[in-house]
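Heads up: the sequence lines are chains A and B, in that order.
If you read the first sequence in the UniProt record's numbering, its first letter stands for residue 1, the second for the next number, and so on.
If you read the second sequence in the UniProt record's numbering, its first letter stands for residue 1, the second for the next number, and so on.
Idealized CB from N, CA, C, for every residue including glycine.
Number of protein chains: 2
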Amino acid sequence: MLDTERPVAILGAGLIGVSWAALFLHHGVHVQAWDPDPEARDALEDRVKAPMAQLRQLGAGADRPGRLTVHGELTEVFSGAFFVQENAPERLDVKHDLYRRFELHAEADALIASSASGLPWSRLSAQMDRPERLLNAHPYNPPHLVPLVELFCPAEASLARAEDLYRRIGRVPVRMKREAVGHLANRLASALWREAVHIVAEGIADVEAVDLALVNGPGLRWAVMGAHMTYHLGGGAGGMAHYLEHLGDSQEGRWSTLGTPRLTPELRAALIAGVEAEAGGKSIAQLEQERDAALIGILATRKALDT
Amino acid sequence: MLDTERPVAILGAGLIGVSWAALFLHHGVHVQAWDPDPEARDALEDRVKAPMAQLRQLGAGADRPGRLTVHGELTEVFSGAFFVQENAPERLDVKHDLYRRFELHAEADALIASSASGLPWSRLSAQMDRPERLLNAHPYNPPHLVPLVELFCPAEASLARAEDLYRRIGRVPVRMKREAVGHLANRLASALWREAVHIVAEGIADVEAVDLALVNGPGLRWAVMGAHMTYHLGGGAGGMAHYLEHLGDSQEGRWSTLGTPRLTPELRAALIAGVEAEAGGKSIAQLEQERDAALIGILATRKALDT
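This is the structure in structure tokens:
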């Protein structure tokens with residue numbers, strides 16, 4: 001339960017903004033949403049329904065959901081809000097304009113968190129009078145289900161306030177010590193996919209086999225335990241120290257055998273044909289629905305194990 | 001239910017052998033186990049109890065478990081067995097000797113599957129009269145819980161028989177088109193860990209933050225959907241084709257920014273201190289127990305979703 005009746009503001013009512021709105025509402029936080037597009041504004045109340053229904057399946061929401069209001073004026077949307085989640089397109093000029101207006105019109109104690117995935121904090125904050133009011137808070141798709149929020153901000157007080165808020169809406173905020181392209185999760189995902197593509201390129205296995213191996217092998221285990229901790233256990237009773245002493249050199253050797261594929265036209269065609277075979281005629285919407293149902297099931301299981 | 005009363009033979013009663021024995025027994029298959037070490041033989045009946053109890057939590061076993069017999073003579077262990085799972089130490093001379101004795105003493109229709117992780121099929125089979133009787137069938141730790149079995153063998157008939165058997169004991173066999181060091185799963189795990197180590201080496205985030213991001217972000221999602229399929233969904237309604245057209249080049253660019261760290265003494269010390277901080281005083285045994293409980297929960301959830 002949040003100890004305040006003050007609303008949060010959501011800037012941008014696209015996919016990410018809708019997810020954030022649903023999350024805050026589910027946890028009883030009032031949401032004031034803004035979008036420059038009248039169609040996006042009109043659709044918002046309807047579009048939060050599906051993610052809110054999924055969140056109700058997961059439980060742990062507030063006794064009553066927050067109240068949603070939709071605004072066409074930025075000055076209105078900031079009114080009373082103690083926190084702003086910005087989900088504008090990934091264009092620096094657009095973001096800078098929003099931050100300027102935030103500094104002009106928002107409440108003096110308000111923070112603004114950008115969902116930006118590709119623009120680093122230093123560039124996002126470059127034109128602000130008080131850059132310590134801005135955080136980069138990158139969610140992971142689908143944001144209302146996947147708990148991770150990657151945080152970067154050099155100001156400890158802003159970080160602490162944002163972490164507190166995100167934890168209250170069931171998120172797992174993770175701090176970066178410095179900004180980096182791709183944050184943590186997209187770097188890890190990109191590194192894994194590079195090798196997954198390399199395996200296909202080298203004819204070691206086909207697309208579907210690689211995915212099947214991941215979901216029934218390391219992926220399953222990474223839903224439970226991180227990569228570093230897994231190698232700690234890989235060292236037996238001696239843990240990571242033992243692992244590195246005995247297998248560190250051979251791991252370095254293996255790293256040198258991993259590939260950096262070129263996405264040639266032939267390889268692209270093989271990847272497209274491979275996922276189409278794997279999808280077996282299912283549409284993207286069907287695949288998303290199945291993914292979400294499985295995520296909800298696993299999250300509920302993990303929550304039950306934690307308590 | 002297996003359509004045969006014939007037993008399988010397990011060679012080597014270490015960690016992996018114990019897991020295989022528990023799996024076969026749980027699914028009603030009789031197991032004849034051999035180990036050259038009398039202590040390992042004496043301990044086996046006791047050591048299968050814990051993994052069998054975990055498998056009972058998962059359900060889906062046979063009405064009654066298989067019968068376990070333990071042998072000190074190789075000629076005995078092969079008697080009547082239609083399938084042999086070999087879990088000897090990763091030494092080629094030891095394996096070659098076992099395969100020679102398999103060819104001398106095993107039933108004429110029996111296959112032998114090696115759990116070898118680091119030795120390729122071509123070297124494993126090099127001294128056999130009928131190499132098509134050998135498969136590489138690599139499980140993933142902990143093998144009785146993680147469903148993946150990575151298969152390589154050039155003989156279609158042997159593959160089909162092994163796949164049939166592994167599916168009957170709840171495994172997910174995945175075929176490789178050609179042999180490769182690290183098979184699929186260890187290549188993917190190694191590629192991901194390389195970047196996870198790089199992130200720590202570069203001071204982007206600490207060990208615990210990387211693990212937290214993985215378990216609450218991409219790792220969680222990879223328990224549900226493979227890496228290739230995830231990028232298919234990342235392309236929206238246009239799928240992988242749209243993704244590659246619009247973001248293929250930038251993904252190639254990101255690949256070039258990923259790192260290949262050197263495991264210097266300083267970095268090793270940071271990894272060891274990091275996992276120790278993350279473990280928070282928990283022993284390896286405690287961490288394994290928590291991992292297994294979470295794996296059992298997630299596997300049960302996935303099974304319920306499939307039915």
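Chain A beta carbons: is any one of them nearer than 8 Å to that of Glu156 of chain B?
no
At a cut of 8 Å, does the stretch 255 to 269 of chain A reach the stretch 199 to 217 of chain B through at least three beta carbon pairs?
no
Tell me which residues share the same chain as Pro131 of chain A and place their Cβ nearer than 6 Å to its Cβ, disregarding the 5 neighbours each side in the sequence.
Ser125
Among A:Trp193, A:Ala209, A:His144 and A:Arg133, whose alpha-carbon lies nearest the alpha-carbon of Leu15 of chain A?
A:His144
What did DSSP end up calling residue 310 of chain A once you bin it into helix, strand or coil?
Shown here, chain A extends from 1 to 307; a query on residue 310 of chain A therefore has no answer.
Residue range of the beta strand (DSSP E) that includes Ser114 of chain A:
Counting along the chain, the beta strand (DSSP E) containing Ser114 of chain A begins and ends at Leu111 to Ser114.
Helix, strand or coil, according to DSSP, for Ile284 of chain B in the structure here?
helix
Bounding residues of the beta strand (DSSP E) (the contiguous stretch that carries Thr69 of chain A)
Where Thr69 of chain A is concerned, the enclosing beta strand (DSSP E) starts and stops at Leu68 to His71.
Quick one: what's got a C-beta closer than 7 Å to Ala269 of chain A's C-beta in the same chain, skipping five residues either side?
none
Ignore the nearest five residues each way along the sequence and tell me which others in Gln289 of chain A's own chain have a CB closer than 6 Å to its CB.
Contacts found: none.
Report yes or no: do the stretch 171 to 181 of chain B and the stretch 97 to 107 of chain A share at least 3 C-beta pairs separated by less than 8 Å?
no
Identify the residues that DSSP records as bridge partners of Pro142 of chain B: which are they?
Answer is none; Pro142 of chain B lacks a bridge partner.
So, does the stretch 55 to 73 of chain B touch the stretch 27 to 44 of chain B, judging by three or more C-beta pairs under 8 Å?
yes
Sorted by chain position, which residues of the same chain lie with C-beta nearer than 8 Å to Val48 of chain A's C-beta, five sequence neighbours on each side aside?
Val18, Ala21, Ala22, Leu25 and Leu68
How about Gln32 of chain A and Ala9 of chain A: are their beta carbons less than 8 Å apart?
Closer than 8 Å, so yes.
Test: residue 321 of chain A CB closer than 8 Å to a CB of chain B:
Missing from the structure shown is residue 321 of chain A; chain A here goes from 1 to 307 and no further.
What's the C-alpha gap between Val197 of chain B and Tyr166 of chain A?
So the alpha carbons of these two residues sit roughly 27 Å apart.
Three or more beta-carbon pairs under 8 Å between the stretch 218 to 230 of chain B and the stretch 220 to 238 of chain A, yes or no?
Yes: the two stretches touch, three or more of their Cβ pairs being nearer than 8 Å.
Determine the extent of the beta strand (DSSP E) in which Glu86 of chain A is found, giving its start and end residues.
According to the DSSP assignment, Glu86 of chain A belongs to the beta strand (DSSP E) that extends over Phe83 to Glu86.
Return the chain-ordered list of same chain residues with a C-beta closer than 6 Å to the C-beta of Leu295 of chain A, the five sequence neighbours on each side being excluded.
Leu145
Look at the Cβ atom of Ala162 of chain A, then the Cβ atom of Leu119 of chain A, and state whether they are nearer than 8 Å.
no
With distances taken Cα to Cα, identify the nearest neighbour of Gly234 of chain B among A:Ala53, A:Ala285 and A:Asp164.
A:Ala285
CA-to-CA distance, Glu45 of chain A to Glu90 of chain A, given in whole angstroms:
24 Å
Gln289 of chain B - DSSP class collapsed to helix/strand/coil
helix
Can you say whether Phe95 of chain A is buried or exposed, counting buried as having 16 or more other CB atoms within 10 angstroms of its CB?
In the sequence under discussion, the amino acid at residue 95 of chain A is Lys, which differs from the Phe named in the question. Lys95 of chain A is buried by the Cβ-count criterion.
Can you name the residues of chain A whose CB is closer than 7 Å to the CB of Trp193 of chain B?
Per Cβ cutoff of 7 Å: Ala227 and Tyr231.
Using a C-beta cutoff of 8 Å, does Gln54 of chain B count as contacting chain A?
no
Length at least 4, wholly inside the stretch 28 to 53 of chain A: the alpha helix (DSSP H) runs in chain order
38 to 47
What does the Cβ neighbour count give for Arg302 of chain B, buried or exposed, with the cut at 16 atoms within 10 Å?
The residue is buried, with at least 16 neighbouring Cβ atoms inside 10 Å.
Take the Cβ of Arg273 of chain A as the centre, count every other Cβ of all protein chains shown within 10 Å, and call the residue buried at 16 or more, exposed below.
What sits at residue 273 of chain A in the sequence shown is Ala, not Arg. That one is exposed.
Going by alpha carbons, who is nearest to Gly182 of chain A out of A:Ala155, A:Ala62 and A:Ser115?
A:Ser115
When Cβ atoms are compared, which residues of the stretch 203 to 218 of chain B fall closer than 9 Å to chain A?
Gly203, Ile204, Ala205, Asp206, Val207, Glu208, Ala209, Val210, Asp211, Leu212, Ala213, Leu214, Val215, Asn216, Gly217 and Pro218
Does DSSP classify Leu247 of chain A as helix, strand or coil?
The answer is helix: DSSP assigns Leu247 of chain A an H, G or I state.
Is Arg194 of chain B helix, strand or coil when you go by DSSP?
helix
Return helix, strand or coil for Pro173 of chain B, following the three-state DSSP convention.
strand
My output table needs one value for Ala162 of chain A: the three-state DSSP class, helix, strand or coil.
helix
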